[in-house]
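K.L.:
The structure under discussion is supplied below as structure tokens; questions concerning it will follow.
In the numbering used here, the protein residues as written are 125 to 426.
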């Protein structure tokens, strides 16, 4: 049963509700008047529901798609202007127990050398990043309870914040929820646990290209609605990574990999559906792709 304010992952991101939403969008994708009314609604910067956004994503009328793009640019500029937040990834360790087929850190990859930074190596990396002008870092580490326990992550965060070098200190460190990703419910409910623990700045994201993009797009917006319904505040950021080539990874192995055109539409519609949120694209995107989506809604870049 779908229930936005439930604490159970399978209820606030409900499979049947996603299927019903996909069916609704397919049924009404040629309803021009309805689509225009949703674009007008989005222009008031109050957002859209997951079902309304799904209909815009299904729209195949070029002039309406162009209106969506223009509106996304307007809303992006209204909320963020020309400001782009930049952060640098700091890779602490690539030891990992997961078997994710999309990530070169996966346990079965025997071609990469495994490495874990010491606290002194972390200090050197942070100083080098500060010398480049970076004030915001995103910590990256594989999930491995032996090599990367939570104590190691917490010690690393303390080390980073303790460093005072030249033009000051690191202002912000972003971290990812931990826990084996195969445990869907535990992983998906991590944001709830973080907010209940007093962290009021959480971000969402889905890796596009594993499942069909329409399904994942709807689920992502349902997650945002869940946070609003449960805690009265939505996600501070939404990330939109997609399958890209990497060591031991080929996009040819993923039949649901997302094209550039679809990716741009996803970014634009998330921007108008959740106008207040910061939007992040990943390190792997090309300069050409970044240039397109920065106008359509992206406000943070690594």
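All C-beta atoms, glycine included, are put in the ideal place defined by N, C-alpha and C.
May I have the straight-line CA-CA distance separating residue 281 from residue 325, to the nearest angstrom?
P.N.:
17 Å
K.L.:
For the 8 Å Cβ check, are there 3 or more pairs between the region 410-425 and the region 266-280?
P.N.:
no
K.L.:
Starting from the Cα of residue 360, find the closest Cα among 337, 351, 401, 321 and give me that residue.
P.N.:
401
K.L.:
Okay, do the region 172-181 and the region 208-223 touch, 3+ Cβ pairs below 8 Å being the bar?
P.N.:
At 8 Å Cβ cutoff, the stretches do not touch.
K.L.:
Evaluate contact between the region 244-253 and the region 295-305, counting only Cβ atoms and requiring at least three cross-stretch pairs below 8 Å.
P.N.:
no
K.L.:
Expressed to the nearest angstrom, what Euclidean distance is found between the alpha-carbon atoms of residue 267 and residue 328?
P.N.:
Rounded to the nearest whole angstrom, the C-alpha separation of residue 267 and residue 328 is 18 Å.
K.L.:
Under the three-state reduction of DSSP, which class applies to residue 217: helix, strand or coil?
P.N.:
Of the three classes helix, strand and coil, the one that applies to residue 217 here is strand, per DSSP.
K.L.:
Using CA coordinates, which residue listed in 247, 337, 236, 237 is at the minimum distance from residue 391?
P.N.:
Residue 337 holds the alpha-carbon nearest to the alpha-carbon of residue 391 among 247, 337, 236, 237.
K.L.:
Can you give the Cα-Cα distance for residue 171 and residue 393, rounded to whole angstroms?
P.N.:
A straight line joining the alpha-carbon of residue 171 with that of residue 393 spans about 10 Å.
K.L.:
Give a yes or no on whether the C-beta atoms belonging to residue 202 and residue 183 are separated by under 8 Å.
P.N.:
no
K.L.:
Going along the chain, which residues of its own chain have a beta-carbon closer than 6 Å to the beta-carbon of residue 133, five neighbours each way excluded?
P.N.:
309, 312, 313
K.L.:
If you reduce the DSSP assignment to three classes, tell me which class residue 346 lands in.
P.N.:
helix
K.L.:
Would you mind giving the Cβ-Cβ distance between residue 357 and residue 344, rounded to the nearest angstrom? I have them listed as a contact below 8 Å.
P.N.:
That belief does not hold up - the Cβ atoms of residue 357 and residue 344 are roughly 17 Å apart, past 8 Å.
K.L.:
State the Cα-Cα distance for the pair residue 415 and residue 200, rounded to the nearest angstrom.
P.N.:
14 Å
K.L.:
Hey, could you find the ends of the alpha helix (DSSP H) residue 414 is sitting in?
P.N.:
411-420
K.L.:
Taking C-alpha atoms, which residue in 222, 223, 265 lies nearest to residue 240?
P.N.:
265
K.L.:
Mark residue 151 as exposed unless 16 or more other C-beta atoms lie within 10 angstroms of its C-beta, in which case mark it buried.
P.N.:
exposed
K.L.:
Mind the definition here: the region 217-237 touches the region 365-378 only if three or more C-beta pairs lie below 8 Å; say whether that holds.
P.N.:
Yes, the region 217-237 touches the region 365-378.
K.L.:
Run the CB neighbour count on residue 256, radius 10 Å, all protein chains shown included, and call it buried at 16 or more, exposed below.
P.N.:
exposed
K.L.:
Tell me where the alpha helix (DSSP H) around residue 176 begins and ends.
P.N.:
174-182
K.L.:
Thinking just about the alpha-carbon of each residue, which of 355, 236, 288 is nearest to the one in residue 321?
P.N.:
355
K.L.:
Looking at the strands, I want to know which residues DSSP matches up with residue 361.
P.N.:
Beta-bridge pairing by DSSP links residue 361 to 327, 402.
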